[in-house]
Structure formats: structure tokens, C-alpha cells
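The numbering of the sequence shown is my numbering, which starts it at 719 and goes up by one.
Here a beta-carbon is modelled for each residue, glycine too, at the ideal position from N, C-alpha and C.
First comes the structure, then the notes that go with it.
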Amino acid sequence: MEIRSFEKSDLAQLIELMQDLAAFEGYLEEFTVTESELESRGLCDDPEFYCLVAVQQGQVQGYLVYLRSEFTFNLKPNFVMKELFVAEPARGQRIGDELISALKQRAVAQGIGNINWLVLPQNHAAKRFYQRQGGAHDVSWEWWQLRVS
Numbered sequence: 719m720e721i722r723s724f725e726k727s728d729l730a731q732l733i734e735l736m737q738d739l740a741a742f743e744g745y746l747e748e749f750t751v752t753e754s755e756l757e758s759r760g761l762c763d764d765p766e767f768y769c770l771v772a773v774q775q776g777q778v779q780g781y782l783v784y785l786r787s788e789f790t791f792n793l794k795p796n797f798v799m800k801e802l803f804v805a806e807p808a809r810g811q812r813i814g815d816e817l818i819s820a821l822k823q824r825a826v827a828q829g830i831g832n833i834n835w836l837v838l839p840q841n842h843a844a845k846r847f848y849q850r851q852g853g854a855h856d857v858s859w860e861w862w863q864l865r866v867s
């Protein structure tokens, strides 16, 4: 298995996995990401997001999308993990572990203070996975949202 930044040749497989995640999380009808948007926003000189892929035998089996927040209270940037997903047939092969490990390595190399993410309240399997990775539920903050469109 190879963990690396996504490339143009991964776009079709990446969209399929993103749609699988959208179906699992219940927003497939609202999903509007396209290959061209992934390319123009992520494979450019100033990317809006970063994406790691796990590739086995030429197939993208999992991915992790993250953002970089440049300024926080301790003057260190943070990573915000937006999506982590492994294809159903590839689960149990430690692909999620490898993706998280690669993100941690990038965080250390870039002087990142924290990696933050959200978990659906009912996704207990994800919570157990993140706890095994060393993550902890931060009860000091509540996530809020203001929809503007």
C-alpha cells in the first residue's frame, strides 16, 4: 500500500469514495463535488485543501482530506481533518491507521499544534478508531454553524 498526496489520475476513484461517504453520512443529494473542482481547488499552486490517498494495486482504497488553519491561540497552525474514508471491502487492513499516521507525520514536519475533526454522534466505530489513534473528545467546545446559503 502506498500513502501519498492525490494526483489527477486519482480523481475518478476519489469522487466515487467521496460519494460513498456522502451516502453513509446522509447528504448524497446535496453532494456537488466534481473531478474538475477537486483538480482546480486541490491540485493548484495555492490549494484550498489537501488530500492523502491510500493506493493498493492501482486502486484508491481510502482517502483523508484536511485543511490548514494558519493562525490559532498559540500561534501555531492547526490541521482540520474534514474527511477520512476507507472503501468497505478494504476495511480492516489498517488503511485508516496509515492515513492518520501520514497526517501526523506531516503535522510534525510543519509545526502543527493540533489536528481537529468532527465525528457524527452515532458513529461509534469511528469514535473507537480515533481513540485508538490517540484522539480524544474535546468536551470544552461545542460545534456551531451558521448557514448562509
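Going by CA-CA distance only, name the one from Cys769, Gly829, Trp861 that's closest to phenylalanine 789. Gly829
Going by beta carbon distance, what residues of the same chain come within less than 7 angstroms of leucine 739, once the five residues before and after it are set aside? Glu801, Phe803
Counting Cβ pairs closer than 8 angstroms, one from the segment 780-787 and one from the segment 812-830, do we hit at least three? yes
Please go through the same chain and pick out, in chain order, the residues whose beta-carbon is closer than 8 angstroms to the beta-carbon of methionine 736, but skip the five residues on each side of it. Phe749, Val751, Tyr781, Glu801, Phe803
Between which two residues does the beta strand (DSSP E) carrying serine 819 extend? Run containing serine 819: none in the beta strand (DSSP E); it sits in the alpha helix (DSSP H), 813-827.
Going by beta-carbon coordinates alone, are alanine 772 and glutamate 753 separated by less than 8 angstroms? no
Assign asparagine 792 to buried or exposed, taking buried as 16 or more other Cβ atoms, counted over all protein chains shown, within 10 Å of its Cβ. exposed
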